[in-house]
Each structure stands twice: as structure tokens, then as C-alpha cells.
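Notes to accompany the following structure.
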Amino acid sequence: MRILNVSEPPTSYTAEGKLTGFVTEVVEKIEQDMGIKTPIETVPASRALAYLEHAPNVMAFTFAKTPEREALGLAFVGPLTTRDQIVWMRKGKGYKIASANDIKQQHLLLGSPIGDWRTKYFLEQGVKVDPSDAHEFDLEHLNRGWIDVCALSDLEMPYVAQARKIDAANFEAAFVFAPAVKAYLVFSKNTPADTIRRWEAALQNLGKTGFLNDTAKKWSAPNYPLGYDESKGFFLDQNGKGRIAP
28 MRILNVSEPP TSYTAEGKLT GFVTEVVEKI EQDMGIKTPI ETVPASRALA YLEHAPNVMA
88 FTFAKTPERE ALGLAFVGPL TTRDQIVWMR KGKGYKIASA NDIKQQHLLL GSPIGDWRTK
148 YFLEQGVKVD PSDAHEFDLE HLNRGWIDVC ALSDLEMPYV AQARKIDAAN FEAAFVFAPA
208 VKAYLVFSKN TPADTIRRWE AALQNLGKTG FLNDTAKKWS APNYPLGYDE SKGFFLDQNG
268 KGRIAP
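For the sequence shown, the numbering used here assigns the number 28 to the initial residue and increments by one for each residue that follows.
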């Protein structure tokens, strides 16, 4: 099996030459428990989706479940994360945005990665999109004033900013365009059903052992309260629900 990931701090990213992230840790633990040693390859989202569509025996993480992807025969295991999808702007810009149409009507340029479902969504709404290879570039372009807004989840934004050495306080949420979007481990159409069942069982077992809650606590911070729940995966736990007490 080929295992692909897309750089999306903090779920999966490279720091000091090493692949890390809380979903990466889950995938590596499943591999360990299953006795496999397949290297994880980092590729752009568009390339990962192309492999999922056309190549057999491929798994990629993490991707949202969409009707188009289900129609391709892809299989989904999880969820691994639940995120609020947000349009961000530089603090003080004062854009009044309550819909994609508001972005379109104000002729704002939005940054979003090539192949990402968010890119497709905004293009379909008539929004002018500046395509990139990864969210890190979107936030950097926003910080430099090269774009007006970008689409990034609540889980990702603080870590993406940190990875690019940008102060997250430079930005503010314009509006939540897709609340509570779940993302999964995704398997290509021709992946053997038994392989998918084994991954699903291994993930469920990690929930029973406490590994997933422990991972959430490990990655939490005072301003980043990460929780885990079987129905959501990892999520920002602002109300303290789903977390094990310290």
C-alpha cells in the first residue's frame, strides 16, 4: 500500500526534517500495530487526489467526504478530525463577509490550495481564487497582502502561522462558511476491502486503549484545547467536552 499525506499543520507536517502531527502519529501507530512499515509520502492535495482516483491500493489523509469523492468509489475511515472552515482576513481590514457572494461582490481575491474541496467550492460560487500548493502559502500571501482572504480551518490556522513564523494575531475570522466538517483516512477505489477493514478496526482499537485521548492531551495548549471524540475525531474543544481530565 502507498500512504500519502498533505502538509496541513498540525494534523500532518514536517518540522526540523521530521514528519509529525497528531494525525501522523495516529497513522504511524496503526502501522506499528498492524506490523507494516510503509513510508508516508508528503504530496500536494491535487496529486494525492489524483492517486486516489486512478491508482490502486492508495491511502491518503486527511480529506473531507464529498459527493464527488464518494461517486469515485473512494472509501472513508474515521473521522479523524472535525473542523470549522473559516475565511480569514488581515486584522483591521473590516471586510463585511457573510457569504461567498459577498467575497465575489467585493472583488476580493481568495487563496486556497489546488485540488482542495474549498477551492472548488469558492470557484463554483464565482469567487476569484489564487491557487497555491499548500495552506502555508495562502497564509503567507495573506500576511504579505498579496491576497485579500484565505480559507483555512480553526484547527490549522494557529499552527500554519507558527510554521511560517507569522503572528496568528495578524488575522481574524471573517466568517465560518462550513461548520463542523469531518475529514477521514481515504482509500482508493481498488484497495482490497480487507485492508480497509483492518485499518478501521485498528483505529477503533486505538480509541479503546486511550491512545487517541492521550494524543489529544499531548497536542493541547492553553489556547489550543484539543479534544477527541469517536464521532468527531480530533477537534478544538472550547467547552471541555470529550477530553479526559488531567
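Ideal placement from N, C-alpha and C gives every residue a C-beta, glycine not left out.
Mind checking whether residue i and residue j have CB atoms under 8 Å apart?
i: isoleucine 57; j: leucine 230; result: yes
i: phenylalanine 103; j: valine 213; result: yes
i: threonine 38; j: threonine 109; result: no
i: proline 140; j: histidine 168; result: no
i: threonine 89; j: threonine 69; result: no
i: glutamate 201; j: tyrosine 122; result: According to the sequence as given, residue 201 is alanine; it is not glutamate. In this structure, tyrosine 122 lies closer than 8 Å to alanine 201 by Cβ.
i: tyrosine 251; j: leucine 239; result: no
i: leucine 233; j: valine 53; result: yes
i: valine 33; j: proline 71; result: yes
i: alanine 210; j: alanine 75; result: no
i: lysine 216; j: leucine 46; result: no
Taking all protein chains shown into account, decide if residue i is buried (16 or more other Cβ within 10 angstroms of its Cβ) or exposed.
i: aspartate 165; result: buried
i: glycine 260; result: buried
i: valine 203; result: exposed
i: glutamine 133; result: exposed
i: serine 126; result: exposed
i: threonine 146; result: buried
i: arginine 224; result: exposed
i: glycine 138; result: buried
i: threonine 236; result: exposed
i: glutamine 265; result: exposed
i: glutamate 35; result: buried
i: glutamate 183; result: buried
i: aspartate 181; result: buried
For residue i, tell me which candidate among the options has the shortest Cα-Cα distance.
i: arginine 117; options: Asn266, Pro83, Arg191, Ile174; result: Ile174
i: leucine 93; options: Gln59, Gly142, Val70, Glu68; result: One detail in the question is off: residue 93 reads as threonine in this sequence, not leucine. When each option's Cα is compared against that of threonine 93, the closest is Gly142.
i: proline 106; options: Arg74, Ser258, Gly119; result: Ser258
i: threonine 65; options: His81, Met86, Glu80; result: Met86
i: glutamate 199; options: Val154, Gln133, Asn170; result: Asn170
i: leucine 31; options: Ala220, Gln189, Ala42, Glu55; result: Glu55
i: lysine 120; options: Leu135, Thr89, Lys131; result: Leu135
i: threonine 62; options: Trp226, Val156, Asn217; result: As written in the sequence, residue 62 is glycine, which differs from the threonine given in the question. Of Trp226, Val156, Asn217, the residue nearest in Cα terms is Trp226.
i: leucine 263; options: Val154, Pro206, Glu52; result: Pro206
i: serine 73; options: Gly153, Pro158, Phe49; result: Pro158
i: glutamine 152; options: Asn84, Glu35, Asp129; result: Asp129
i: aspartate 241; options: Phe49, Val33, Pro36; result: Phe49
i: proline 185; options: Asp60, Trp246, Lys155; result: Trp246
i: aspartate 285; options: Gln265, Ala248, Ala228, Ala243; result: The question about residue 285 has no answer here: the residues shown for the chain are numbered 28 through 273.
i: valine 154; options: Val114, Gly44, Glu80; result: Val114
According to DSSP, is residue i part of a helix, a strand, or is it coil?
i: leucine 79; result: helix
i: valine 53; result: helix
i: isoleucine 30; result: strand
i: threonine 47; result: strand
i: threonine 93; result: coil
i: isoleucine 5; result: Since the displayed the chain opens at 28 and closes at 273, residue 5 lies outside it and no answer follows.
i: serine 73; result: helix
Does any CB atom of chain D fall closer than 8 Å to the CB of residue i?
i: lysine 192; result: Protein chains in the displayed structure number just one, and chain D is not present.
Inset, instruction - Output the residue ranges of the beta strand (DSSP E) runs that lie fully inside the region 227-266 and measure 3 residues or longer, sorted by chain position. - result: As far as the region 227-266 is concerned, its whole beta strand (DSSP E) runs of at least 3 residues are 253-256, 260-263.
Inset, instruction - Output the residue ranges of the alpha helix (DSSP H) runs that lie fully inside the region 123-194 and measure 4 residues or longer, sorted by chain position. - result: 127-132, 144-151, 162-171, 184-190
Inset, instruction - For the region 97-127, list the beta strand (DSSP E) runs that are entirely contained and at least 3 residues long, ordered along the chain. - result: 102-117
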